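Below is one structure, written out as structure tokens; comments come after it.
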């Protein structure tokens, strides 16, 4: 399995609190992605990174920010969590963006109450 | 948008039968990828087919690509219960983004 780890795996938080999810890779891949998946939906891209300190928005970026200060870590922050952000979050890595296969983490189940 | 749209949304078959699912897209692509997701887990890459390829095989999987129709199909032959999963396509126009559709949910009954 590709070396990609998401933490935490499960989290319950209160509305209005900030939350940070971490994606850590040991593959030295350039591209990293954050997705959310909700029942009945596919994966929707939140933000992605194409290098250290290089990030861009995805389809559903409102309410989320990201940072990548090191190749191996990609952080997703919910500035002020809302119930609509209750979801399963997946991180993915890829050596050459959409030109090569992506490897996914096991997911983080986030519940905002 | 380079998002693909999978069809059908859901498919139910018996073990041993073949399963075919389709992906349509709207923009020109460089390649198209197929992924599988078992319940609650991360996606697993199945096949990448480039725009200059028409067909690709991997074990019991066969993927075709018709760029003139902007469509791809994934065929799983001799399905097994373990093939029960959701399947997603990701057409790529060569940009950094990797965008998925809503997927096809396949149920294979013993």
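Protein chains in written order, with this note's numbering: chain A, 3 to 115; chain B, 118 to 227. Every residue, glycine too, gets a C-beta built ideally from N, C-alpha and C. Here the structure is a predicted model, which is why all the values come from computation and not from measurement.
Output the boundary residues of the beta strand (DSSP E) element that contains residue 55 (chain A).
Counted from its first residue, the first chain places residue 55 (chain A) at position 53. Where residue 55 (chain A) is concerned, there is no enclosing beta strand (DSSP E), given that its DSSP letter is neither H nor E.
Give the interface partners of residue 213 (chain B) over in chain A, defined as CB-CB distance under 8 Å, in chain order.
Here residue 213 (chain B) is taken as the residue at index 96 of the second chain, counted from 1. 33, 50, 52, 58, 99, 100, listed in chain order.
Ends of the beta strand (DSSP E) at residue 208 (chain B)?
To locate residue 208 (chain B), count along the second chain from 1; it is residue 91. Taken as a continuous stretch (DSSP letters only), the beta strand (DSSP E) holding residue 208 (chain B) covers 202-209.
Inspect the CB distances between the stretch 80-89 of chain A and the stretch 125-134 of chain B and report whether three or more fall short of 8 Å.
Short answer: they don't touch.
Since residue 168 (chain B) contacts residue 184 (chain B) with CB under 8 Å, what's their CB separation in whole angstroms?
As a first step, residue 168 (chain B) is located in the second chain; it is residue number 51 there, counting from the start. As a first step, residue 184 (chain B) is located in the second chain; it is residue number 67 there, counting from the start. About 6 Å; that satisfies the 8 Å criterion.
Given residue 63 (chain A), which residues of its chain have a CB within under 7 Å of its CB, disregarding the five upstream and five downstream residues?
Counting from one through the first chain, the residue named residue 63 (chain A) turns up at place 61. Once the five neighbours on either side are set aside, the close Cβ partners of residue 63 (chain A) are 48, 49.
Kindly list the residues whose CB is nearer than 8 Å to the CB of residue 107 (chain A), restricted to its own chain and excluding five residues on each side of it in sequence; keep chain order.
The residue labelled residue 107 (chain A) in the question sits at position 105 within the first chain. 6, 7, 8, 25, 92, 93, 94.
Which of the three DSSP states is assigned to residue 101 (chain A) in this structure?
Locating residue 101 (chain A) in the first chain gives position 99, where the first residue counts as 1. If DSSP states are grouped into helix, strand and coil, residue 101 (chain A) belongs with the helices.
Output yes or no for whether 8 Å exceeds the beta carbon distance between residue 38 (chain A) and residue 46 (chain A).
Along the first chain, read from residue 1 onward, the residue named residue 38 (chain A) stands at position 36. Along the first chain, read from residue 1 onward, the residue named residue 46 (chain A) stands at position 44. Yes, the Cβ-Cβ distance between residue 38 (chain A) and residue 46 (chain A) is below 8 Å.
Tell whether a beta-carbon distance below 8 Å holds between residue 150 (chain B) and residue 103 (chain A).
As a working note, residue 150 (chain B) is residue 33 in the second chain. As a working note, residue 103 (chain A) is residue 101 in the first chain. Yes, Cβ-Cβ distance for residue 150 (chain B) and residue 103 (chain A) is below 8 Å.
When you compare each of B:216, B:179, B:198 to residue 138 (chain B) by their alpha carbons, which one comes out closest?
Translated into positions along the second chain, residue 138 (chain B) becomes position 21. Closest by alpha carbon: B:179.
Output the boundary residues of the beta strand (DSSP E) element that contains residue 225 (chain B).
By one-based count along the second chain, residue 225 (chain B) stands at place 108. 221-226 is the span of the beta strand (DSSP E), which, as asked, contains residue 225 (chain B).
Give the DSSP bridge partners of residue 178 (chain B), in chain order.
Numbered from 1 along the second chain, position 61 holds the residue referred to as residue 178 (chain B). For residue 178 (chain B), which the question treats as bridged, DSSP gives the partners B:175, B:193.
Below 8 Å on the Cβ atoms is my guess for residue 157 (chain B) versus residue 218 (chain B); work out the distance and round it to an integer in Å.
The residue labelled residue 157 (chain B) in the question sits at position 40 within the second chain. The residue labelled residue 218 (chain B) in the question sits at position 101 within the second chain. Actually they do not touch by this definition, with Cβ atoms about 19 Å apart.
Anything in chain B within Cβ reach of residue 108 (chain A), meaning under 7 Å, just list it in chain order.
Along the first chain, read from residue 1 onward, the residue named residue 108 (chain A) stands at position 106. Chain B residues near residue 108 (chain A): 158, 159.
Measuring CA to CA, which of B:194, B:141, B:186, B:208 is closest to residue 176 (chain B)?
Within the second chain, numbered from 1, the residue matching residue 176 (chain B) stands at position 59. Nearest of B:194, B:141, B:186, B:208 to residue 176 (chain B), Cα basis: B:194.
Locate the beta strand (DSSP E) running through residue 163 (chain B), then write down its first and last residues.
Taking the second chain and counting its residues from 1, one reaches residue 163 (chain B) at position 46. Counting along the chain, the beta strand (DSSP E) containing residue 163 (chain B) begins and ends at 161-167.
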